[in-house]
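K.L.:
Note that the sequence shown covers residues 0 to 267 in numbering that gives the first Met the number 0.
Think of the CB as a built atom: it goes at the ideal place given N, C-alpha and C, for glycine as much as any other residue.
Pasting in a structure now, in structure tokens, and then I'll have a few things to ask.
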Amino acid sequence: MSNDNSLAGVAALVTGGGSGIGMACARRLVADGAAVTLMGRRIDKLRDAARALSAEAGGGAQVTFHSGDVANEDHVASAVAAAAETTGRLGVVVAAAGTGGGAGPVGSIDIEQWNRTLAVNLTGVLACIKHGSNAMTQGGSIVAVSSIAGGLTHRLMTTYCVSKAGLEMLVRNAADELGAKGIRVNAVRPGLVPTELADALASNPAIVDEYLSLMPLGRLGQPQDVADLVGFLAGPQSSWITGQIVGVDGGHTLRRGPDITVGFSGRQ
């Protein structure tokens, strides 16, 4: 893990920061010297995460939290403002909050679940980019967490795939517009990483074997694998990189999308 203080004096907001990939990203940003604000819906998880990150850093880190739902634009705007206040200079936003969208045939997609998934995975990222970029008066970096599902079909996961594909085009368009303001916008595209969000996949041995068979590196990812890439894209080392969708997937996208029906008793 980097620990070069390259983000000293910079405020960072991490949505979905209470656990999983979001918390790992926050840990990386803390190590790089940023003052980090965690955003999420569950205040107990945010509080525990903030305490843990502060303790890991030896008590010298500035880690705060702000509860809210990224699907609510007012909540995002409030979290952005709270993060900016910590140092007076918002320089990093990591949009890591997400939801799975459920699984099922396209002919049976629940429209309420579809709308909720897009509200979190796509519109929530838009709110982060909108309000985050408006607060970045000295430029900065916005990193969104996508998925290999944004570029590879996943049978029975249409809702999730569409939400991530939309996120990636949003990132590219935002990068094109915001570059003139010194704001970079990129996305990371993880493969299967065992987290609470991915538990339905990562806890099924048949599905895990299917994923592993498609990964040249032959192992599942860990939250820190993703966080290290996010930290690079957030920091000054990537100052000439914007509008990119960067994979961190063990090589999975060299092959095909997984067939998660192997984990069900009856093939769809």
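1) Given L253, which residues of its chain have a CB within under 8 Å of its CB, disregarding the five upstream and five downstream residues?
2) From this set, R27, P257, M22 and A10, which residue's C-alpha is nearest G149's C-alpha?
3) From V187 to I20, what distance separates their C-alpha atoms?
4) Let's test the definition: count the other Cβ atoms within 10 Å of the Cβ of I141 and tell me whether it reaches 16, buried, or not, exposed.
5) Find out if the Cβ-Cβ distance for the pair G220, L211 is shorter than 8 Å.
6) Whose CA, out of S146, G101 and V93, lies closest to the CA of V124?
7) Within 10 angstroms of its Cβ, does D224 collect 16 or more other Cβ (buried), or is it exposed?
8) Quick one: any contact between the region 192-201 and the region 232-244, if contact means 3 or more CB pairs under 8 Å?
9) Quick check on L45: does DSSP put it in helix, strand or coil?
10) Rounded to the nearest angstrom, what separates V9 and G39 at their Cα positions?
11) For F64, report the span of its beta strand (DSSP E) as first-last.
12) Could you please give the first and the last residue of the uninterrupted alpha helix (DSSP H) stretch that includes I141?
13) If you draw a straight line from the C-alpha of R50 to the C-alpha of G67, how long is it?
14) Drop a sphere of 10 angstroms on the beta-carbon of M22, count the other beta-carbons inside from all chains shown, and report buried for 16 or more, exposed for fewer.
15) Give the DSSP bridge partners of I244, in chain order.
16) Going by C-alpha to C-alpha distance, which of D43, L6 and R41 sits closest to V35?
17) For the region 125-132 and the region 162-182, state whether three or more C-beta atom pairs, one from each stretch, are separated by less than 8 Å.
18) List the endpoints of the continuous alpha helix (DSSP H) containing G165.
P.N.:
In this structure, then:
1) These residues qualify, in order along the chain: P215.
2) If we check each option's Cα against that of G149, P257 comes out closest.
3) Rounded to the nearest angstrom, the two C-alpha atoms are 11 Å apart.
4) Of the residues assessed, I141 falls on the buried side of the cut-off, its CB having 16 or more other CB atoms within 10 angstroms.
5) Not closer than 8 Å, so no.
6) Ranked by how close their Cα comes to the Cα of V124, the residues S146, G101 and V93 have V93 in first place.
7) A residue is called buried once 16 or more other Cβ atoms fall within 10 Å of its Cβ, and D224 is buried on that count.
8) The region 192-201 is not in contact with the region 232-244.
9) It is helical.
10) Near 21 Å, if we compare the C-alpha coordinates of G39 and V9.
11) Looking at the DSSP string, the run of the beta strand (DSSP E) that includes F64 is V62 to S66.
12) No alpha helix (DSSP H) holds I141; the beta strand (DSSP E) holding it covers G139 to V144.
13) Cα to Cα, the separation comes out at about 18 Å.
14) Buried is the call here.
15) When DSSP reads this structure, I244 sits in a beta bridge with A186.
16) It is L6 whose Cα lies nearest to the Cα of V35.
17) Result yes; three or more Cβ-Cβ pairs closer than 8 Å.
18) G165 -> alpha helix (DSSP H) spans T157 to L177.
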